[in-house]
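Enquirer: Numbering (the UniProt record's numbering), first residue to last: 1 to 178. All residues carry an ideal CB built from backbone N, CA and C; glycine is no exception.
1. Distance, Cα to Cα, residue 154 vs residue 7?
2. Do you know how far the Cα of residue 26 is from the Cα of residue 91?
3. Find out if the Cβ-Cβ distance for the pair residue 158, residue 52 is shorter than 9 Å.
4. Identify which residue in 58, 55, 94 has its Cα closest to the Cα of residue 74.
5. Do residue 137 and residue 54 have their C-beta atoms within less than 9 Å of each other?
6. Return the CA-CA distance between residue 129 and residue 50, expressed in angstroms with no decimal places.
7. Only counting runs of 3 or more residues, tell me where the beta strand (DSSP E) segments fall wholly within the segment 41-98, in order along the chain.
8. Using DSSP bridges, identify the partner residues of residue 132.
9. In the structure shown, what three-state DSSP assignment does residue 154 receive?
10. Would DSSP call residue 23 helix, strand or coil?
11. Going by DSSP, name the residue or residues bridged to residue 29.
12. Rounded to whole angstroms, what is the Cα-Cα separation between residue 72 and residue 23?
13. Let's test the definition: count the other Cβ atoms within 10 Å of the Cβ of residue 32 and tell me whether it reaches 16, buried, or not, exposed.
14. How many whole angstroms separate the CB atoms of residue 34 and residue 11, which I take to be in contact at a CB cut-off of 8 Å?
15. One question on the structure: do residue 160 and residue 140 come within less than 9 Å of each other, judged by their Cβ atoms?
16. For residue 56, which of 135, 163, 28 has the nearest alpha-carbon?
17. Going by beta-carbon coordinates alone, are residue 163 and residue 21 separated by less than 9 Å?
18. For my contact list, residue 69 and residue 4 are in at a C-beta cut-off of 8 Å; report their separation, rounded to the angstrom.
19. Going by the DSSP bridge assignment, what does residue 15 pair with across the sheet?
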């Protein structure tokens, strides 16, 4: 088991969980792992254009709940120029992000004034789900997929990646030395 775990660490796995099941004279082991992008990794200039994205926050500091995280999501986007509508009963937040504030490079034809006026704001939803104590799933989805340009999906992907880095820094415990 230790050899398997060390091999996983070597290839860049960031989370490894093991479980041992014993019943009578029979022993079984479970091994689970996940790859999580490092928080300090630079965000590439060419963002993969997705309309849905998600990430898990594991090892949350005690006292933090889905509600606290949702409030931090609202604060993050409001401080970045977005308008937000929080639904605490359903644990989601609707975000409208003005596309003119986006750091996503626009295609060359979008620099034309007539084309630029056609770019709409980016609308997306972020939902928070508690998986197990100390673990939350954060899902994001682009709400208006009928935009004439792909800049909305690029802005969504970029902002969702930045949200992930922000939340990991704010809510997750530091990983102990391997």
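Expert: Judging by the given coordinates:
1. Inter-residue distance for residue 154 and residue 7 is about 35 Å (C-alpha atoms, whole angstroms).
2. 43 Å
3. Not in contact: residue 158 and residue 52 (Cβ atoms no closer than 9 Å).
4. 94
5. yes
6. 20 Å
7. 52-58, 83-87, 92-97
8. 135
9. helix
10. strand
11. 20
12. Distance between the alpha carbons of residue 72 and residue 23 is about 44 Å.
13. exposed
14. Not really, about 12 Å apart at Cβ, beyond 8 Å.
15. yes
16. Closest by alpha carbon: 135.
17. No, the pair does not count as a contact, with Cβ atoms beyond the cut-off.
18. The Cβ separation is near 33 Å, so there is no contact.
19. 34
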